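Protein chains: 2
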Amino acid sequence: MRHVLAALLLASVAVVPANAQKSASDKGASAETGRIIDEGLNHSEVMQTAQYLTDRIGGRMTNSPAMREAEKWTQEQFRRYGLSNVRADPFEFGRGWSIVSSSVRMTSPRPIALTAIPVAWTPGTNGAVSAEVIVAPLRKARDFDTWRGKLAGKIVLITLPDNGSEPETAPFRRLSSEDLGKLDKFEQPKYTPDSVESDLKQARFAREMDAFLKQEGALAWVRMAYRDGKLVHGTGSVAFRTGQTPAVPGIELAAEDYRRLARLAKAGPAPVISIDSQVKWHDEDLNAYNILADIPGSDPAAGYVMAGAHLDSWVAGDGATDNAAGSAVIMEAARILAKLGVRPKRTIRFALWSGEEQGLRGSLAYVGKYLANFPPIEQGGINTREEAILLRQAWPITPKAGHKDLGAYFNMDNGSGRFRGIYAENNPAVVPIFKDWLAPFASMGANTVAIGKTGATDHVYMQYVGLPGFQFIQDPLDYGSRTHHSNADTFDHLKPEDLRQNAVILASMLLNAANRAEGLPRPPFPTKPTPTDPFGYRDDRDD
Amino acid sequence: MRHVLAALLLASVAVVPANAQKSASDKGASAETGRIIDEGLNHSEVMQTAQYLTDRIGGRMTNSPAMREAEKWTQEQFRRYGLSNVRADPFEFGRGWSIVSSSVRMTSPRPIALTAIPVAWTPGTNGAVSAEVIVAPLRKARDFDTWRGKLAGKIVLITLPDNGSEPETAPFRRLSSEDLGKLDKFEQPKYTPDSVESDLKQARFAREMDAFLKQEGALAWVRMAYRDGKLVHGTGSVAFRTGQTPAVPGIELAAEDYRRLARLAKAGPAPVISIDSQVKWHDEDLNAYNILADIPGSDPAAGYVMAGAHLDSWVAGDGATDNAAGSAVIMEAARILAKLGVRPKRTIRFALWSGEEQGLRGSLAYVGKYLANFPPIEQGGINTREEAILLRQAWPITPKAGHKDLGAYFNMDNGSGRFRGIYAENNPAVVPIFKDWLAPFASMGANTVAIGKTGATDHVYMQYVGLPGFQFIQDPLDYGSRTHHSNADTFDHLKPEDLRQNAVILASMLLNAANRAEGLPRPPFPTKPTPTDPFGYRDDRDD
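Heads up: the sequence lines are chains A and B, in that order. Start counting the first sequence at 1; every next residue gets the next number (full-length UniProt numbering). Start counting the second sequence at 1; every next residue gets the next number (full-length UniProt numbering).
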């Protein structure tokens, strides 16, 4: 296996000879490994950290008062651990938003409370609004024609109701050896530039729908939760920028409650619901802040390695598995290494990102500020989904002075499950290195190195500018089935043994990376993307 | 298989010769089978019935206004179908209770809404009460000593919090052939009279706890939901009788919310919560009512067969899978048979029971009124759990005149899943008969006859007085995992194809039973129970 990988490495990366990339620390267990395990398993603080972030501070929406409190508290903790250069690094974000109180009731044909949450960054109702509902599924701009003139004075149910879920897989899952084996599969990249325009169209829809509903005189819109079982989420990222606040309040209803309204409306007469949603805007400071803290390296010219997780969350729950878990593990790895008094060759930097849930804003800002230039995306009238789409084509990317300094970046944001290994992000050159580094953790079930790429979190823009950013393989637990972004995302869905193991492994990986002769092998520096299917046609009938 | 069962039948039942129990209708498909299938699958109303009971009427707590509406509406339907002798048969029950509104919030250390429901038949709060919580697990009377003097002015968390669930089986399940095969296993009965005293002690605890909390000056008690994932239930059956209303309000909190409070209390300072629970008592009519309706038989001396399901429910959800499903299937079988204009030998009676959730009260009342005498249980100061325990020993049972008339009773109350066959209730004599009757439904996967006994619903007291009462084998779907008694028990967890199949099979079984030469073979008439382990000792250290 090693031979094959070395050959691949020469063929596809070919930056330095393969044998030069081996160093003493690549052999895996360092002298510190045993001490890291002792500190991380016998003297852990990871659950205390997670408990404070979740139970005490709660859901941490970017730029909300709770997030401000978390920014302050996490810096205090880094300082208490003895880290250096602890700071809140600002970036332009937009308005803070928080829920003061929310109550949604059906009043006719019978009075019952509904399980609901205001959709993030939509306005409140200015007292209770009460009206008949109308089921008017809105998914594309052309749906507006169907409903024009029919929505005035109504509360609009915009989701086409389905028949409910029949979940035939277990909600709580750990990865078997077979599952882990399947992960190690190289998949070729895909790039289809002609999908950009239709993707942009879809991304613009939320704004168009708001304008349409306002013009039609609808009182509010209601969508159906995408999970069954009385879970709600309330996510929504299109409207946090100043000047982009929508006009019409949006509410997410539990699927059971939504479908009940839809059936009653179909049977007639239309049910009446009352929405009393009070939200608060926070415009005192439009910057968001990444929290950064360092363990200084002994060689100032050697650059740094970094680990990060996003501290912000949604607010239906307490942001536990997404991502107090990751934040607490990052902080615990920092605490362990600081407690051990390590003095690595490279600086080890810890990052708690903000604005991740609104399009990886914090890590994107860090990349743009310190690592690489890419053409500015016009931000006046676009939302984050549009921005993410346009970024796919932003060209050229040019490294900044700091680009050479980042030796490795490790991210944790796949829920709260135990580390079972790491993804190599289609970079075969790092596979043998990670195998060595993870060897001491084979007995913890954490030594799989899978070639695959992962997305949708804060290592993405590191990868995007040609830097070695990685995510760990984690047991899924009940992240996908019930906690991710939901009102069940609370501390009790975290597993102490899992988070302790993660902190230990992360600390060990960081120390290996910080002491390595070179930074980790980088992916090839990005070139202008080439369509992977130049002769293909798209079926855009459903655009 | 048939030979073995015939032999068993002679040995254990021996009422009439085995061959005399075969009649024309035992052969399975009658001339009407095809018409039943056509009416039940092509012209079904079962989902419309279930929708009205759930979406429109909603949760139907015994003697609540919603249950009164359901009693009225179901009688109207039976009359519309053309059934005879449609009536509401009263029995003594107690107070009605309904929730007007309920709001539970944590106010310190941070303000959030909690997912909660008042526990049935406990008082409201008379405006909002706000207090610190204290975690004081109360399970046995001896726990009172631990907490005496510490609860005044507090809201008491009475459940010992656990660490949360890790559900490793699928929430939605259908029975495989292998599952069905495993069901056909004879289990010998168990009767241990010396457990009665300790069971009674436990049954009395709720009343003792209320007295203790009142005496200590606690403001309310809070228990943890027994399922995770933000589900709540609010069940509680000990206090519906006039004069038995407790003094202290009880609340059930979603497990996630409960554990958060418990952790915060442990970390300190104790969190403060506010409970505003308005409930209403309904004392205008203390009788509950079973709804009965008949398709008259041609032979007045031949007695009747019956099918039933409970119409009452809890109110966290809309009582869909428990048991609008069963009620709608009973009503649909009645509609199908009435539509077909059948004129069976025996009368077919349809029963919608009330008070099932409070201890099978409706069917127990029917048994006591029409089928058998058993010594009265002193009802002054006991609750239903105590009563159920004392009934185990109530002796002697003496048949009433009506005892001979009931030829068969079929009950539906195992959720909303598809019929896959029937349980023979440890009565081997019915096995070959049911096999014949279910043979036409093999291609619907519904021809398993399993010997096993089932409990906890309205056929139990028929069995108890020696009458042939049965429950169907049903696919579990998500009944156990999330809908049973929970706030997710809504119409969308019902499956149209399942309920249609059930109505067809039930109608066919009833018609076969009504046209059979004799009633179904009965279990032996009950004799005074004999301890099954006369030399055993009980470990009562945990009593």
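Backbone N, C-alpha and C define an ideal beta-carbon position, used for all residues, glycine too. Nothing here was measured: the structure is a model prediction, and the numbers come from that model.
Nearest residue (CA-CA) to residue i, options the options
i	options	result
A/T74	A/R241, A/R173, A/F491 and A/A351	A/A351
B/E356	B/L213, B/G455 and B/N502	B/G455
B/G268	A/A220, A/D55, A/G452 and A/G407	A/D55
B/R260	A/M331, A/H493, A/N447 and A/P65	A/H493
A/T490	A/K435, A/D498 and A/G58	A/G58
A/K339	A/T62, A/Y81 and A/Y537	A/Y81
A/K140	A/E178, A/R204 and A/S84	A/R204
B/S195	B/G124, B/R392 and B/A293	B/R392
B/A372	B/Q463, B/A394 and B/K400	B/K400
B/L477	B/E166, B/S176 and B/V465	B/S176
B/V86	B/I291, B/A439 and B/W314	B/I291
A/N63	A/A394, A/Q463 and A/T242	A/T242
B/A293	B/A88, B/L231, B/R207 and B/P521	B/A88
A/R174	A/D475, A/I451 and A/F535	A/D475
A/P111	B/E425, B/E386 and B/I99	B/I99
A/Q244	A/I451, A/A301, A/T384 and A/D312	A/T384
Simplified DSSP assignment, three categories, for residue i
i	result
B/W353	strand
A/H493	helix
A/W395	coil
B/G444	Just to set this straight, residue 444 of chain B is Met in the shown sequence, not Gly. Helix at B/M444.
A/W314	coil
B/Y52	helix
B/Q244	coil
B/N512	helix
B/T457	coil
B/K190	coil
B/I473	strand
B/D145	helix
B/G407	strand
A/I134	strand
B/D383	According to the sequence shown, residue 383 of chain B is Asn rather than Asp. In the structure shown, B/N383 sits in coil (DSSP, three-state: anything other than H, G, I, E or B).
A/S237	coil
B/W281	strand
B/S101	strand
Alpha-carbon to alpha-carbon, residue j and residue i
i	j	result
B/G326	B/D145	45 Å
B/G469	A/D210	59 Å
residue 556 of chain B	B/V248	A question about residue 556 of chain B goes unanswered here, because the residues of chain B that appear run from 1 up to 543.
B/T49	B/E69	14 Å
A/I275	B/S101	15 Å
B/A288	B/S354	6 Å
A/I473	A/S481	17 Å
A/D179	A/G417	15 Å
A/P523	A/A429	8 Å
B/E208	B/K201	10 Å
A/E284	B/T115	32 Å
Residue j beta carbon less than 8 Å from that of residue i
i	j	result
A/A262	A/V135	yes
A/K190	A/T530	no
B/G317	B/N447	no
B/G94	B/L390	no
B/V449	B/V431	yes
B/V367	B/Y461	yes
A/E252	A/I117	yes
Q) Pairing CB atoms from the region 176-194 of chain B with CB atoms from the region 219-232 of chain B, are three or more of them under 8 Å? A) no
Q) On the three-pair Cβ rule with 8 Å, is the region 294-312 of chain B touching the region 400-415 of chain B? A) yes
Q) Using 8 Å as the threshold, is the region 31-43 of chain A in touch with the region 504-517 of chain A, meaning 3 or more CB pairs across them? A) yes
Q) Per the contact definition of three or more C-beta pairs closer than 8 Å, is the region 289-302 of chain B in contact with the region 328-346 of chain B? A) yes
Q: Determine contact between the region 151-170 of chain B and the region 433-448 of chain B, defined as no fewer than three beta-carbon pairs at a distance below 8 Å.
A: no
Q) Counting pairs of Cβ atoms below 8 Å between the region 361-369 of chain B and the region 104-119 of chain B, do you hit three or more? A) no
Q. Do the region 508-521 of chain A and the region 164-171 of chain A make contact, defined as three or more Cβ pairs closer than 8 Å?
A. no
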